[in-house]
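>
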Amino acid sequence: MSIQNTHDTWGQLAKLFHWLSVVMLLAVWGMVAWHEASPKDSEAYIQSIMLHKALGVSLGTLMLARLTWRLINVTPRPLAAPAWQQMVASYVHGGLYLALLAMPVTGMVMSQLAGKPISLFGFFELPQWLTVNKELAGDIKELHEDVFWPLLVLLTMAHIGAAIYHQKIVKDGLIQRML
Ligand code: HEM
Ligand code: HEM
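All letters in the sequence shown, in the order written, are residues 1 to 179 by UniProt numbering.
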């Protein structure tokens, strides 16, 4: 099997990017859920948000690498399906990429505007490059939590629903291309 994509299937690197993004997304979400469940200002409360931010920045970086790889590589031809389904699929994929980039960007911008540190696992702290503006930080937080997050959840559910539909009903082996 090849590192690169072919006209028929995804290559090893694209598969690695896909499944690593899924695992990291679960971890990013898990950290914020842990944060919200922890007593305010406890050790867990502080550690979990630090990890949420560090994993979120890492996922954003992974998405940039993944998109670059997609742009310089062939993409497999879509499997036979009605034109409207192919169109919906490409909008959902485009929306997933958009949301997976918008989440880390809004996360970083809101932390910067709030003057809160972004530490990469305690090894390195990102420099403060924006002027603190708490009011604007609140607006960006709304984008992070109330716009792009619900969008990401909705598109992910549609995407997984479509994968199950292909597996169980159409039975065209679509999932096999990503395994
Ligand atoms: C793909 C990446 C990311 C995802 C999926 C994500 C997801 C989330 C979610 C689901 C919440 C909670 C929403 C709610 O309570 O309604 C949240 C809150 C938050 N996120 Fe992210 N996030 C990501 C990246 C980042 C990054 C890179 C940073 C900062 C560097 C960040 C900083 C925060 C902060 C400060 C909060 C607020 C926590 C609180 O209210 O105490 N996020 N994020
Ligand atoms: C059980 C979970 C999942 C399954 C079975 C699955 C399956 C697949 C398959 C089979 C493809 C290739 C479609 C094709 O060849 O036309 C694909 C593409 C894709 N998946 Fe997933 N996926 C899952 C979860 C996720 C999650 C959680 C995300 C992100 C939130 C995601 C993001 C994407 C994106 C962005 C593409 C488009 C790739 C491209 O066109 O560059 N997937 N997925």
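We put the CB at the ideal spot given by N, CA and C, even for glycine.
1) Three or more C-beta pairs under 8 Å: does that hold for the segment 159-173 against the segment 104-116?
2) So who's on the other strand from E125, going by DSSP bridges?
3) Mind checking which residues open and close the alpha helix (DSSP H) that includes G107?
4) Just how far apart, CA to CA, sit P104 and L59?
5) CB-CB under 6 Å to L120, same chain, minus the five flanking residues each way: which ones, in chain order?
6) Would you identify the three-state DSSP class for R66, choosing helix, strand or coil?
7) Given 7 Å as the limit, tell me if L96 has its C-beta closer than that to any heavy atom belonging to ligand 2.
8) Say the cut is 7 Å; is the CB of H144 nearer than that to a heavy atom of ligand 1?
9) Spell out a yes or no on whether the segment 4-20 and the segment 63-74 are touching, meaning 3 or more CB-CB pairs, one atom from each, closer than 8 Å.
10) Tell me where the alpha helix (DSSP H) around T156 begins and ends.
For this structure:
1) A contact between stretches requires three or more CB pairs, one per stretch, nearer than 8 Å, and the segment 159-173 fails this requirement with the segment 104-116.
2) Walking along the sequence shown from the start, residue 125 turns up at place 125. Looking at the DSSP assignment, E125 forms a beta bridge with S119.
3) For this step, residue 107 is matched to residue 107 along the sequence shown. From DSSP, the alpha helix (DSSP H) with G107 extends over A83 to L113.
4) Counted from its first residue, the sequence shown places residue 104 at position 104. Counted from its first residue, the sequence shown places residue 59 at position 59. The straight-line gap from Cα to Cα measures roughly 8 Å.
5) Mapped onto the sequence shown, residue 120 falls at position 120. These residues qualify, in order along the chain: A54.
6) By one-based count along the sequence shown, residue 66 stands at place 66. Note: R66 maps to helix in three-state DSSP.
7) For this step, residue 96 is matched to residue 96 along the sequence shown. Flag set: Cβ of L96 near ligand 2.
8) Position 144 of the sequence shown, counting from 1, holds the residue named residue 144. True, at least one ligand heavy atom lies under 7 Å from that Cβ.
9) yes
10) Along the sequence shown, one-based indexing puts residue 156 at 156. Counting along the chain, T156 sits inside the alpha helix (DSSP H) bounded by residues W149 to Y165.
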